[in-house]
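Trainee: Heads up: the sequence shown begins at 2 in the working numbering, then just goes up one per residue.
Where a beta carbon is used, it is the ideal one built from N, C-alpha and C, also for glycine.
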Amino acid sequence: MTGLRDTDLKLIALLRANAREPTASLARKLGLARSTVQERIARLEREGTIKGYTVRLSDASQAGKLRAVVMISTDPKRADRVAMELNKMPEVRSLSAVAGTFDLIATVETETPARIDALLDRIGRANGVARTVSSIILSEKFTR
2 MTGLRDTDLK LIALLRANAR EPTASLARKL GLARSTVQER IARLEREGTI
52 KGYTVRLSDA SQAGKLRAVV MISTDPKRAD RVAMELNKMP EVRSLSAVAG
102 TFDLIATVET ETPARIDALL DRIGRANGVA RTVSSIILSE KFTR
């Protein structure tokens, strides 16, 4: 978020806390006119700073679903190919490129232990995956 004004950063922080907060409330908190806040949000969306909005589900609503974090080492220069293959798997909820021991970290979700086992096998067999290490997510402590 390089080059953003302090007001834009404050607005983004408020939207991260509650993306559904009314524009009038955001304007009061920022000391700006509602139309100014609307224009700032529209500009941040146009510029691609704000890529979209999402719904965060509670652990209770996810009862019966298994989530895991999968750390993935790829063969050199094949991370893009692995990412494309994992993108085709609907159970893979997110994928991040990282620096360190692993090249990618995926968050996955399934309904049963058997399905998560099969998914982990599919990920491990993906063209370009050298090694995986996974951990089951027990609960989410917080998300920002």
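Pairing CB atoms from the segment 30-41 with CB atoms from the segment 2-18, are three or more of them under 8 Å?
Mentor: yes
Trainee: At the level of alpha carbons, what is the spacing between leucine 120 and threonine 113?
Mentor: 11 Å
Trainee: Express the C-alpha separation of aspartate 118 and asparagine 88 in angstroms, rounding to a whole number.
Mentor: 18 Å
Trainee: Closest to alanine 98 by C-alpha separation, out of Ser136, Phe143, Asn128 and Lys78, would be which residue?
Mentor: Relative to alanine 98, the option among Ser136, Phe143, Asn128 and Lys78 whose CA is nearest is Lys78.
Trainee: What are the start and end residues of each continuous alpha helix (DSSP H) run of 4 or more residues lying completely inside the segment 96-133, in chain order?
Mentor: If you keep only unbroken alpha helix (DSSP H) runs of at least 4 residues inside the segment 96-133, you get 114-126.
Trainee: Out of Ile73, Val38 and Phe103, point me to the one whose CA is closest to valine 93's CA.
Mentor: Ile73
Trainee: Hey, would you say alanine 131 sits closer than 8 Å to aspartate 76, going by beta carbons?
Mentor: yes
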